[in-house]
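Worksheet: one structure, shown below.
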Amino acid sequence: MHVQVDPPPHVLEDEIGLRLAAPEDGWRRRPDMDQHATSHSRASIVARARFIEDLVVEQAGHGVSQYVILGAGLDTFVQRRPAIASGLRVFEIDQPRPQAWKRQRLIELGFGIPEWLRLVAVDFEAGSSWWERLATAGNLREQPGHPSSASSPPLEMLALAREAGFRKAQHVSAAGLTQRYFAGRTDGLRPSSSEELLVATT
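Numbering-wise (the working numbering), the sequence shown opens with residue -4 and increments by one.
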């Protein structure tokens, strides 16, 4: 939606996700797709995705070789950024049924499943251990990591990260995302003020 209704420059250019989802004709006329009503959530989604991708690219340059996406859904990093993704081992973790559907769609569209992409099916609701499934899927070894979150007030987020043993924690606010990705825009596109991220390093 961002690429189709918002003027450039686009924060994130992803039309592969739309091809994967293959919505019915007229999907943009649905009430939940109204371009004005969804502008803040749309901006939040693309800002969050772009921030994480920028972080992955930066860390790949520092030797990080694994990227784990919990609840991957229709994430298309591997398909859009093959030059970066092919130098990593990317683990997409999601529920079995939607992941099987995505696998089929990737094959149908000609993307296939490259050897550096591991689709790891985990039934979170049944209490399955995603960590055990992840280790089984790729012989995962301990490496520096950067999880992200958006569920607590900033000070609480930072405190929880430190209590959990993360070596370094940084809060990224909606204002910070706005300054980084939306400065100079005249169309009023801005992320929601509730968009808060945590970057924590193991």
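We put the beta carbon where it would ideally sit given N, CA and C, even for glycine. None of these values were measured; they are calculated from a predicted model.
Return the Cβ separation of residue 172 and residue 151 in integer angstroms, given the expectation that the two are a contact with Cβ distance under 8 Å.
Not really, about 19 Å apart at Cβ, beyond 8 Å.
Are the beta-carbon atoms belonging to residue 188 and residue 159 less than 8 Å from one another?
no
Which runs of the alpha helix (DSSP H), 4 residues or longer, sit entirely within the stretch 2 to 70?
11 to 16, 34 to 55
Beta carbon of residue 117 nearer than 8 Å to that of residue 86:
no
Starting from residue 196, follow the beta strand (DSSP E) in both directions and report where the run begins and ends.
192 to 196
Our contact map puts residue 55 next to residue 82 with C-beta atoms below 8 Å; I'd like the distance itself, whole angstroms only.
6 Å
With a threshold of 16 other CB atoms inside 10 Å of the CB of residue 71, please say whether the residue is buried or exposed.
buried
Determine the DSSP secondary structure at residue 186, reduced to helix, strand or coil.
Correct three-state label for residue 186: coil.
Helix, strand or coil for residue 92 per DSSP?
helix
Which first and last residues belong to the alpha helix (DSSP H) in which residue 156 is found?
149 to 158
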